[in-house]
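Data first, discussion second: the structure below is written as structure tokens.
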Amino acid sequence: MMRKTALLVALVALCVSQLASAAIITSVDRTRGTAGNRAPIGVFDKDTDPLPMPVGGLMDGNLIYSDRTYTWVNTPAQLIGAEYVSTFNTDKATTNIMVNYAVTIGQPAILAIAVDDRLPDVYKTDGGVVVFESQQEAVDLIVHTWAAPGTFVDTGLNVYVGGDSDRPMSVYATMGELPAGTYNFGLHPTSQNFYIIGAVPEPATIALLGLGGLSLLRKRRS
């Protein structure tokens with residue numbers, strides 16, 4: 000147990016050194032979203048881009064969304080400092096589900112999505128009823144234009160939305176690093192909290208994901 004603890008500490012130190020280097024997420028272009036007027040950003044339209052990530056990245060007390068004053072709480076040690084996109088919670092489905100976030104990463108990295116633990120969910124639209132039979136299905140839909148189903152895997156870790164009953168969100172991540180480039184995150188037809196997009200460099204993956212990272216490795220080897 001002591002050796003495992005020492006290894007985790009070493010990996011967390013590696014994680015911190017990696018996250019202190021050049022930013023992974025270099026730009027975010029939001030299109031076809033929902034307009035509104037909410038703190039902290041104020042007035043925004045369908046193409047307003049998110050606020051910059053707060054200094055320090057993912058950590059207790061930092062704002063989660065561009066249009067809500069919710070802050071992170073109970074952040075797992077393995078995830079502290081990870082980069083993320085401050086999406087708009089207003090983009091959760093009401094009448095518009097066609098929002099897109101084009102996220103550019105400047106170096107190879109693991110991409111992650113945090114989704115509300117109240118999924119699976121049933122959401123009624125004018126065109127009928129959308130039924131998520133699993134949380135995985137909801138995640139797959141977000142990236143369906145470029146990623147095969149199951150590309151993002153449940154890490155077993157949660158992040159928590161303070162100010163909203165400390166709402167848990169499950170963290171899904173790719174099983175390997177993706178090359179530098181632009182990746183689109185879209186459809187999320189549910190009225191639950193909008194998803195969060197994250198990125199971490201490959202050498203820090205196990206430290207950031209902890210036991211979830213070990214689970215990803217086991218799945219990769221099977």
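In numbering that gives the first Met the number 0, the protein residues as written are 0 to 221. Cβ coordinates follow ideal geometry from the N, Cα and C atoms, glycine included. Since the model is a prediction, treat every value here as computed from it, not as a measurement.
Self-check item: Three-state secondary structure assigned by DSSP to D66
Solution: coil
Quiz item: Is the beta carbon of I109 less than 8 Å from the beta carbon of V54?
Solution: no
Quiz item: In whole angstroms, what is the alpha-carbon distance linking L50 and V170?
Solution: 21 Å
Quiz item: What distance in whole Å lies between the Cβ atoms of Y100 and V27, which are believed to be in contact at a cut-off of 8 Å?
Solution: 6 Å
Practice problem: Just tell me which of G60, D115, Y159, H187 has its CA closest to the CA of I141. | Solution: H187
Quiz item: DSSP on D139, reduced to helix/strand/coil?
Solution: The answer is helix: DSSP assigns D139 an H, G or I state.
Quiz item: Out of curiosity, what's the CA-to-CA distance linking I63 and E176?
Solution: 24 Å
Self-check item: Proximity winner among N36, Q77, P107, G149, relative to R67 (alpha-carbon distances)
Solution: N36
Exercise. Could you pull the start and end residues of the beta strand (DSSP E) that T30 belongs to?
Key: 24-30
Self-check item: First through last residue of the beta strand (DSSP E) which encompasses S169
Solution: 166-173
Exercise. Compute the distance between the beta-carbons of I195 and I104, then report whether it is under 8 Å.
Key: no
Quiz item: Cα-Cα, which of S85, G149, F151 is closest to N192?
Solution: Measuring from the Cα of N192, the nearest candidate turns out to be S85.
Practice problem: With 8 Å as the threshold, decide whether the Cβ of V84 is near any Cβ in chain D. | Solution: The question asks about chain D, but that chain is absent: this structure has only one protein chain.
Exercise. Assuming W71 contacts D90 (C-beta within less than 8 Å), just tell me the rounded distance between them.
Key: 19 Å between Cβ atoms; not a contact.
Quiz item: Exposed or buried, I73, counting other C-beta atoms within 10 Å across all chains shown (16 or more means buried)?
Solution: Before going further, note that residue 73 is Asn rather than Ile in the sequence given. When all chains shown are included, N73 counts as exposed.
Quiz item: Can you check whether the CB of T181 is closer than 8 Å to the CB of F151?
Solution: no
Quiz item: When the Cα of L118 is compared with those of E136, G161, Y69, which residue comes out closest?
Solution: E136
Quiz item: Looking only at DSSP bridge pairs, what is T181 linked to?
Solution: T103
Quiz item: Among all the DSSP beta bridges, which residues are the ones paired with G41?
Solution: R37
Quiz item: In three-state terms, what does DSSP make of I109?
Solution: strand
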